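Okay, so here's the structure we're looking at.
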């Protein structure tokens with residue numbers, strides 16, 4: 795956003811410069827949303843596998859302790 799504001803001071807600069815910055819920022823936002831969506835899916839899966847017993851038998855703790863149990867890269 796700072797880069798876009800800096801361009802505002804260059805009134806004769808082509809609008810394509812701003813478009814490129816916005817497209818790059820949008821791509822970064824989409825990547826973060828995708829990552830958070832995968833994390834949400836992972837957390838929901840762990841919660842649905844929970845049998846509400848003790849921590850010793852907790853599927854969530856088991857998954858968090860063993861990265862190989864994760865269904866998505868994060």
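Numbering (my numbering), first residue to last: 795 to 868. Don't be surprised by glycine CBs; every beta carbon is placed ideally from N, CA and C. As the structure is a prediction and not an experimental result, all values here were calculated from the model.
Which of helix, strand or coil DSSP assigns to residue i
| i | result |
| --- | --- |
| residue 809 | helix |
| residue 897 | Because the chain in this structure spans residues 795 to 868, residue 897 falls outside the shown range and cannot be described. |
| residue 804 | coil |
| residue 851 | helix |
| residue 837 | helix |
| residue 795 | coil |
Residue burial classification, residue i (beta-carbon count within 10 angstroms, cutoff 16)
| i | result |
| --- | --- |
| residue 840 | buried |
Rounded separation between residue i and residue j - CA only
| i | j | result |
| --- | --- | --- |
| residue 850 | residue 823 | 38 Å |
| residue 838 | residue 819 | 28 Å |
| residue 809 | residue 845 | 56 Å |
| residue 833 | residue 827 | 10 Å |
| residue 848 | residue 858 | 15 Å |
| residue 856 | residue 843 | 11 Å |
| residue 829 | residue 811 | 27 Å |
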